[in-house]
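Okay, so here's the structure we're looking at.
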Amino acid sequence: MLRFNILASVVPLAVAAVFARGEFSSGSRPCIEVAGTTVQIATLSWQAQRHVSFTSDPSRATVRVQISDSAAAADFTVIDDVDSAEAGACAAGTAAELVAISTGPQASEPVIYLSAHGPADYRIFVQSKSFSVRDAAALIVGARGNHHRLEAASL
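Residue numbers (my numbering): 1 to 155.
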């Protein structure tokens, strides 16, 4: 009976430790380094310093990101051909700035419209096994830190 009580005490503590660290898997999350700062997709939304969301309605967007057909025409390019991210690929001297992708847009956070056509604030090219187009767009907009409302004339 004593063993069961010890086990019953340890399991909740182990679960709490996992939640506190925010690591549910040992797999790496998409990240980039911009001007000496690492920006990474958050595992848990509440841990993130920055949040972004996506919309399919260009009139609701605050940032437009164009999916480019070529790396040469893009502002931001992600190309890899590996099955897993290199250990320490985004290691930096300071903690990573975390970006979460929200399911519902908030007035204070960037709302991204992904499109294959311009005009756009950013042009991205993604050919990767570890990054999705949404991950890349969220990271580049999250790394920017601020956003602006697109003018209706530019749509």
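Glycine included, every Cβ here is placed at the ideal spot set by N, Cα and C.
- For F54, the closest C-alpha among the options E109, A72, S128 and A74 is that of E109.
- When the beta-carbon positions are compared, A48 and A100 come within less than 8 Å of each other.
- Taking C-alpha positions only, H117 is separated from T38 by approximately 29 Å.
- If you look at R123, you'll find it in the beta strand (DSSP E) that goes Y122 to Q127.
- The beta carbons of S68 and R123 sit about 5 Å from each other, so the pair counts as a contact at 8 Å.
- Straight-line measurement puts the Cα of T103 at about 16 Å from the Cα of T62.
- If you check the CB distance, F125 and S70 come in under 8 Å.
- Nearest to T43 by C-alpha distance, out of P119, L139, L98 and R134, is L98.
- Between Q127 and I79, the C-beta spacing is below 8 Å.
- Between P105 and R134, the gap from beta carbon to beta carbon reaches 8 Å or more.
- Per DSSP, L139 is not a residue of any beta strand (DSSP E); the alpha helix (DSSP H) it occupies stretches across V133 to R144.
- Under the three-state reduction of DSSP output, Q66 falls in the strand class.
- If you draw a straight line from the Cα of P119 to the Cα of A73, it comes to about 13 Å.
- In the structure shown, S102 falls within a strand segment according to DSSP collapsed to helix, strand and coil.
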